[in-house]
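Colleague:
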Amino acid sequence: MACYPPVFKRNPRKSYVMTTQIWHIIELFFFIYLAFTDIYLFIFALAGIFPLKRRNRTPGKKRKILVLIPGYREDDVIIEVAKEALRQDYGTENYDVVIIADGFKPETITTLKKLHIHVIVVKLEYSTKSRALNAALSQTDNSYDVAVVLDADNIMAKDFLTRINAAFCDGYLAVQGHRVAKNLDTPFAILDAVSEEMNNHIFRKGHRVLRLSSALIGSAMAFDYDYFKKMMKKVEVVGGFDKEIEVRLLQKKNKIEYLPDAYVYDEKVPNAKVFTKQRRRWMSAQIHYFGKSFLPSLKDLFLHGNIDFFNKALQFILLPRILLISLLFVIAVVYYFAASLTAFYMAL
70 MACYPPVFKR NPRKSYVMTT QIWHIIELFF FIYLAFTDIY LFIFALAGIF
120 PLKRRNRTPG KKRKILVLIP GYREDDVIIE VAKEALRQDY GTENYDVVII
170 ADGFKPETIT TLKKLHIHVI VVKLEYSTKS RALNAALSQT DNSYDVAVVL
220 DADNIMAKDF LTRINAAFCD GYLAVQGHRV AKNLDTPFAI LDAVSEEMNN
270 HIFRKGHRVL RLSSALIGSA MAFDYDYFKK MMKKVEVVGG FDKEIEVRLL
320 QKKNKIEYLP DAYVYDEKVP NAKVFTKQRR RWMSAQIHYF GKSFLPSLKD
370 LFLHGNIDFF NKALQFILLP RILLISLLFV IAVVYYFAAS LTAFYMAL
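Using this note's numbering, read the sequence shown as starting at 70 and increasing by one per residue.
#1: For the region 367-380 against the region 390-410, are there 3 or more C-beta pairs whose distance is under 8 Å?
#2: What's the gap between the Cα of I259 and the Cα of E265?
#3: According to the Cβ coordinates, are D311 and G275 closer than 8 Å?
#4: Just verifying my parser: in three-state terms, what is the DSSP assignment at Y28?
#5: Should H373 go down as buried or exposed, given a rule of 16 or more other Cβ atoms within 10 Å for buried?
#6: Taking the alpha carbon of G140 as the point to measure from, which residue in T179, L202 and I94 has its own alpha carbon closest?
#7: Would you list the residues sitting across from L135 in a DSSP beta bridge?
#8: Using DSSP with H/G/I as helix, E/B as strand and the rest coil, what is L110?
#9: Would you call L285 buried or exposed, if buried means 16 or more other Cβ atoms sit within 10 Å of its Cβ?
#10: In whole angstroms, what separates the C-alpha of Q157 from that of V316?
#11: Following the continuous beta strand (DSSP E) through D295, name the residue where it begins and the one where it ends.
#12: Give the range of the beta strand (DSSP E) segment to which R248 is assigned.
#13: Any chance the region 134-152 sits against the region 213-224, with 3 or more Cβ pairs inside 8 Å?
#14: Indicate whether the contact test is met: 3 or more Cβ pairs, each with one atom in the region 105-112 and one in the region 185-198, closer than 8 Å.
#15: Ignore the nearest five residues each way along the sequence and tell me which others in T255's own chain have a CB closer than 6 Å to its CB.
#16: Let me know the beta strand (DSSP E) ranges lying completely inside the region 255-336, each 3 residues or longer, listed in chain order.
#17: So, for K182: in the same chain, excluding its five sequence neighbours on each side, which residues have a beta-carbon less than 8 Å away from its beta-carbon?
#18: Could you spell out where the beta strand (DSSP E) holding I189 opens and where it closes?
Here it is in structure tokens:
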């Protein structure tokens, strides 16, 4: 008598229940993630409404400041930026401007050298801001007290260095200035400017109101010179060098100050292509540093009470607001039609 293997009939109801459970788990994950992002942003946005309390700063001595302006093929804007950098009310004897010229035209370098600034020409195999800064720092002496980092299209308000100097009287190692838009001539420039001012409100002012460190932004930043020079020797990253600096500062429990009245004017992106490329680069850096810093920050939180470092790791996993708004809209539309279809079939 022939023996046949038993036939297992698939239970469609059981399969449906399992699929539904998996879907509910995915839904729960997205709900928790989006809720966390919304609540986090809301708390610091609300905090940013309140005034940032400061003690009356007495500037004391004028520290010697080194203004570093790295640029890669920025011939169109660098001459104007260099001239504007010399118009500070801080006293020309109290600061030096260094243009780090990577890939500049010979005529641009000649024009720059006629100004009262220092020009350091670098030829890098792979051009990054961190490599350009390290190349320049290796050629500067240790007579400076503060290092200021700008982008090649940044223009400082005339009192920027004066305000930076006053902040360092309070003993900070790192200070972030208030970067605002220099141009609002295209829709994407306006979008970029609005996005940055929201970041200033939430991740800088809002955080300082609650006594947490300000986020850095890549330019309009100032650091204790000796600390910065030593730290930069260890920084070798392709993108997001400001994130690397933040992690290193916060790991050591160094507070990052924010000066809402120390303005630097920044050129905003002109079109969708540049905007998308910039955001993609930022998201890539955030994901990288979340993976790199989350577990160490969690350990530091429990062992040493390092809230700032853990808070920074959480920031790295936040969904960008443009994607957050878009995703919430898509989810709302999908659930509306899903609910309508469910109601329709239930009525049959």
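The beta-carbon is built from N, C-alpha and C at its ideal position, and this holds for glycine as well.
Modeller: From the atom records:
#1: no
#2: 10 Å
#3: no
#4: Outside the shown range of the chain (70 to 417) lies residue 28, about which nothing can therefore be said.
#5: exposed
#6: L202
#7: D165 and A216
#8: helix
#9: buried
#10: 31 Å
#11: It is not in any beta strand (DSSP E) - D295 instead sits in the alpha helix (DSSP H) that spans Y294 to M301.
#12: A243 to A250
#13: yes
#14: no
#15: P339
#16: 290-293 and 325-335
#17: V188
#18: H187 to V191
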